[in-house]
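Enquirer: Here it is, the structure, as structure tokens.
In this note's numbering, the protein residues as written are 55 to 295.
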């Protein structure tokens, strides 16, 4: 018959003492570091790539000439500019399934869109402040609306002009590939190369733009269809000051 060892049995029933985990232990610091790094990294990604920019004044300086912006054209008021609703990240940023851009020509968007002036081009002037409209201003406006209104556009902001608009280089994806909006206006004869020495922005495309304008003049298309002497938008503005 075995001898019952009381002291041995009682020692097994008592809970084992666990060593106290110090705050500086790798078991504590490791997960803390991972969580903190993830939070900081996520905040950086949001701030740099997913935060929506509501208007021209809110565009960070480091965006200009360095970063493109994806968005939707929600209205077109003149033949060489439009209002752009920034949708950062596109589908991956939740646009179209978690977040939704406004409808075209929707009211109540003051301060929520970027007013874009297309770089390098000048289109016929519409009637403003009692001044008569230039010939083909309505046709040029209608062309631009048909080309970009309601479409997704990628914008390279280049500068802010004196009217707090963003002068930008805009491209749009089409069935035939990505097209530059300014170049397409010139190619179709609905604009001329921007003439003013102040605030001129071409994003390295001035030679291309001048070539496209010359070809449209030669073909007599768009605003050049009647041939003869043509009063450019710049000349019109100087004459009607």
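Ideal Cβ placement from N, Cα and C applies to all residues, glycine included.
1. To the nearest angstrom, report how far apart residue 243 and residue 133 are at their CA atoms.
2. Going by DSSP in three states, residue 187 sits in which element: helix, strand or coil?
3. With 16 as the cutoff for other CB atoms within 10 Å, does residue 114 come out buried or exposed?
4. Given 8 Å as the limit, is there contact between the segment 263–276 and the segment 236–253, that is, 3 or more CB pairs closer than that?
5. Return the CA-CA distance between residue 278 and residue 286, expressed in angstroms with no decimal places.
6. Does the beta-carbon of residue 116 have 16 or more other beta-carbons within 10 angstroms, so that it is buried, or is it exposed?
7. Report yes or no: do three or more beta-carbon pairs, one from the segment 143–153 and one from the segment 178–187, lie closer than 8 Å?
8. Determine, using beta carbons only, whether residue 135 and residue 106 come nearer to each other than 9 Å.
9. Provide the residue(s) that pair with residue 149 in DSSP beta bridges, ordered along the chain.
10. Output the residue ranges of the beta strand (DSSP E) runs that lie fully inside the segment 161–214 and measure 3 residues or longer, sorted by chain position.
11. Which term fits residue 280, buried or exposed, when burial requires 16 or more other beta carbons within 10 angstroms of its beta carbon?
12. Would you kindly work out how many angstroms separate the C-alpha atoms of residue 227 and residue 125, rounded to a whole number?
13. Roughly how many whole angstroms lie between the Cα atoms of residue 189 and residue 276?
14. For a test of the three-state rule: what should DSSP assign to residue 272, helix, strand or coil?
15. Within 10 Å of its beta-carbon, does residue 294 have 16 or more other beta-carbons around it, so buried, or fewer, so exposed?
Expert: Quick look at the numbers:
1. Using only the alpha carbons, I get a separation of about 12 Å.
2. Three-state result, residue 187: coil.
3. The residue in question, residue 114, is exposed, as its Cβ has fewer than 16 Cβ neighbours within 10 Å.
4. Result yes; three or more Cβ-Cβ pairs closer than 8 Å.
5. If you take the alpha carbons of residue 278 and residue 286, they lie about 10 Å apart.
6. Residue 116 should be labelled exposed.
7. These segments do not touch.
8. Not closer than 9 Å, so no.
9. Looking at the DSSP output, residue 149 bridges to 153.
10. Considered as a whole, the segment 161–214 harbours 168–172, 206–214 as its complete beta strand (DSSP E) runs of no fewer than 3 residues, in chain order.
11. When all chains shown are included, residue 280 counts as exposed.
12. Approximately 12 Å, taken between the alpha carbons.
13. So the alpha carbons of these two residues sit roughly 11 Å apart.
14. Looking at residue 272 - three-state DSSP - the assignment turns out to be helix.
15. Exposed, by the Cβ-count rule.
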